[in-house]
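Mapping of the sequence shown onto mature numbering (1 follows the signal peptide of the UniProt record, and there is no 0): residues -19 to -1, 1 to 208, in sequence order.
Written below as C-alpha cells is the structure these notes are about.
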Amino acid sequence: MGGKGWFLLKLLIFQGLFTSPPQDPGFDFFYFVLQWPGAYCDTKRACCYPTSGKPAADFGIHGLWPNYKDGSYPSNCDPDNEFDPSEISDLVSTLQTKWPTLSCPSNEGFKFWEHEWEKHGTCSESVMDQHKYFENTLALRDRVNLLQILTGAGIEPNDEFYKLKDIKKAIKEATGFTPVINCNKDPEKNSQLHEIFFCVDTSGTEFIECPIIPRDRCPSHLQFAKF
C-alpha cells in the first residue's frame, strides 16, 4: 500500500476512534396519544368546536410525550424555547384536521399546540426542533388509522358497549403493537373510550412495543360514543 493509501487508512481509523457516541436524548421513549372526540365532548365539561368547524368523526392527536422507563416523564424542559407559530405555518391546515382542539372557548388550535410543544416537545429538542416535532407526530398519525381498524372489527362509534379485550385485540392484530386504553366518563357516568396510547422510539418516528405497560384505565366493558 502506498503512502497515500496508508494516510487514508490512518484517517479512517482515527475518525472511527474519535467518532462521538450517539447523543443521549434524555428520555427513554415517547407515548403517542390519540383521542376520540366523541368522548372528549360527552362529559359534564363538554367541548367547543374549533373556529375551523366541527372536526371529522375520527381519532385526533393529543400529543407526543417523552417518558422514562420508570413511569415518570420530563416536562417543560426549556422555558426559553417558546412556541413559534411561524415555524409551523406550512402545517397548520393539516394540524387543524388531524390535531384539532376541542377546548373552550372556540379557537384556532394554537393554544393547544403551544401547550403540547412547551410541556412535551421541548423535552425532545435534542432529537427534533419544533417543526420536526409536529411533522413527525402527524406522520405517526398517518400510519395508524384507528377508526378503520376498529370499525373493521365491528367496533363502531354508536354509543354501544364493547369489550376492552376486543378493542385491544383488534388494534394489536392490525398494528402489531399493544395499545394502552384510557377511558373517561359521560354525564351518566358510563366509561367511554377516550384515549389510545402507543409507544414510539426516541427518534419519534418508529412504533415500538411499550417498555412499560401501564394499566388500562377502563373497565372490562366500555362505550364507544357517537360524535
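Backbone N, C-alpha and C define an ideal beta-carbon position, used for all residues, glycine too.
As the structure is a prediction and not an experimental result, all values here were calculated from the model.
Let me see if you follow: with CB-CB separation under 8 angstroms, is C22 close to chain E or not? The question asks about chain E, but that chain is absent: this structure has only one protein chain.
Starting from the C-beta of S87, find all residues in its chain whose C-beta is less than 8 angstroms away, skip the five residues before and the five after it, and write them out in chain order. Sequence index remark: in the sequence shown, residue 87 carries index 106 (1-based). Hits under 8 angstroms: C29, Y30, P31, T32.
Segment contact, 8 angstroms Cβ cut-off, at least three pairs: the stretch 51 to 61 with the stretch 95 to 113: Taking 8 angstroms as the limit for Cβ pairs, the verdict is that the stretch 95 to 113 does touch the stretch 51 to 61.
Could you compute how far the alpha carbon of D197 sits from the alpha carbon of N163? On the sequence shown, residue 197 is found 216 positions in, with the first residue counted as 1. On the sequence shown, residue 163 is found 182 positions in, with the first residue counted as 1. Each residue's Cα considered, the two are about 6 angstroms apart.
Let me know the secondary structure DSSP gives D197 once reduced to three states. The residue given as residue 197 occupies position 216 in the sequence shown. DSSP places D197 in the coil class of the three-state scheme, outside both helix and strand.
For F179 and K150, I'd like the C-alpha separation in whole angstroms. Residue 179 sits at position 198 when you count from the first residue of the sequence shown. Residue 150 sits at position 169 when you count from the first residue of the sequence shown. F179 and K150 have their alpha carbons spaced roughly 14 angstroms apart.
Between the CA atoms of E106 and G133 - distance to the nearest angstrom: For the purposes of this step, residue 133 is taken as residue 152 along the sequence shown, with counting starting at 1. For the purposes of this step, residue 106 is taken as residue 125 along the sequence shown, with counting starting at 1. Between G133 and E106, the alpha-carbon positions lie close to 37 angstroms from each other.
S56 - containing beta strand (DSSP E), residue span: Along the sequence shown, read from residue 1 onward, the residue named residue 56 stands at position 75. No beta strand (DSSP E) holds S56; DSSP gives it neither H nor E.
Taking the straight line between their C-alpha atoms, what separation do you get for P2 and V108? What you label residue 2 is simply residue 21 of the sequence shown in a count that begins at 1. What you label residue 108 is simply residue 127 of the sequence shown in a count that begins at 1. No answer about P2 holds up, because its pLDDT of 49 lies below 50 and its placement is not dependable.
Quick check: what's the CA-CA separation for K166 versus E176? Position 185 of the sequence shown, counting from 1, holds the residue named residue 166. Position 195 of the sequence shown, counting from 1, holds the residue named residue 176. Whole-angstrom Cα-Cα distance: 12 angstroms.
Using CA atoms only, rank isn't needed, just tell me which of P47, E89, D61, F142 is closest to residue 217. Nothing about residue 217 can be read from this structure; the chain reaches only from -19 to 208.
When you compare only the Cα positions, how much space is there between S201 and D123? Your numbering for residue 201 matches position 220 in the sequence shown. Your numbering for residue 123 matches position 142 in the sequence shown. Distance from the CA atom of S201 to the CA atom of D123, rounded to whole angstroms, is 29 angstroms.
Enumerate in chain order the residues of its own chain whose CB-to-CB distance from P168 is below 6 angstroms, with the five nearest sequence positions on each side excluded. Indexing the sequence shown from 1 puts residue 168 at position 187. The residues K25, in chain order, have a CB closer than 6 angstroms to that of P168 in the same chain once the five nearest residues on each side in sequence are set aside.
Once you ignore the five residues that flank I69 on each side, which residues in its own chain have a CB closer than 8 angstroms to its CB? Looking up residue 69 in the sequence shown gives position 88. The residues are L76, W94, Q111, H112, F115.
Residue environment, I148, which counts as buried when at least 16 other CB atoms sit within 10 Å: Here residue 148 corresponds to residue number 167 of the sequence shown, with the count starting at 1. Flag for I148 reads buried.
Taking C-beta to C-beta, are N139 and K207 nearer than 8 angstroms? Here residue 139 is taken as the residue at index 158 of the sequence shown, counted from 1. Here residue 207 is taken as the residue at index 226 of the sequence shown, counted from 1. Taking 8 angstroms as the Cβ cut-off, N139 and K207 qualify as a contacting pair.
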